[in-house]
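For the sequence shown, the positions run 10 to 165 when this note's numbering is used.
Here is the structure we will look at.
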Amino acid sequence: MCPVGDRSASESDNSTTFVLTNIIPQAPALKQGVWKHVEDYCRSQVKAGWEAYQYAGSFGDGGKGTMGEATSIANGKISVPRRFWKVVLLMPAGENDLQRITKDNVEVFAVNMPNNQDIIFPDWKQYKVSVREIEGLTGLNFFSKLPTELQNQLEN
């Protein structure tokens, strides 16, 4: 789920993007379109001096790619997810990140996108949801090291 362009500090870092734990079947229109726009936005913020904390994954069964709908590929050995999500926290670069995070100095967003070749909206912001929604769908708890009040402000 980490694009090769985000791991360019060293050859070793770059090669970690080619392991199977970083690969999930994604509809080409999603991967090369609206999902890429989210990745490009995050990358542009990092180039502008921000740090990015990103979490991404998938859920559900069945997507629609160039060969039609499928719940699995490779003779049933690889599941095809229905949706892809990403949770992002962007903040100015610096030290002691946990101590520096406030609701006013970070950008937090989440997206939830269909794994579908016929994806409708080209603007990734059309797929924005709350971090809490992603937590509810995945059972994960993001930003759990932050004070509860701040976590609530960022995730709702």
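We put the beta carbon where it would ideally sit given N, CA and C, even for glycine.
Closest to ALA36 by CA distance: which of LEU163, ASP113 and GLY77 is it?
Taking the sequence shown and counting its residues from 1, the one referred to as residue 36 is at position 27. Selected option, being the one with the closest Cα: GLY77.
Pull the bridge partners of ALA1 from the DSSP assignment, please.
As shown, the chain starts at 10 and ends at 165. That puts residue 1 outside it, with no answer to give.
How many Å lie between PRO123 and TRP133 at the Cα?
Translated into positions along the sequence shown, residue 123 becomes position 114. Translated into positions along the sequence shown, residue 133 becomes position 124. C-alpha separation (whole angstroms): 11 Å.
Quick one: what's VAL96 bridged to in DSSP?
Here residue 96 is taken as the residue at index 87 of the sequence shown, counted from 1. Its beta-bridge partners are TYR64 and ALA119.
Relative to the alpha-carbon of ILE87, which residue among ARG109, ILE33, ALA119 and SER19 has its alpha-carbon at the smallest distance?
Here residue 87 refers to the residue found at position 78 when the sequence shown is read from its first residue. Nearest option by C-alpha distance: ILE33.
Specify the secondary structure class of ILE143 as computed by DSSP and reduced to three states.
Walking along the sequence shown from the start, residue 143 turns up at place 134. If DSSP states are grouped into helix, strand and coil, ILE143 belongs with the helices.
Tell me whether the stretch 43-57 and the stretch 66-84 touch, counting them as touching only if at least three CB pairs, one residue from each stretch, are closer than 8 Å.
no
Run the CB neighbour count on SER19, radius 10 Å, all protein chains shown included, and call it buried at 16 or more, exposed below.
In the sequence shown, counting from the first residue as 1, residue 19 sits at position 10. Answer is exposed; the Cβ neighbour count stays below 16.
LYS40 by DSSP, collapsed to three states: which one?
Counted from its first residue, the sequence shown places residue 40 at position 31. Three-state DSSP puts LYS40 in a helix.
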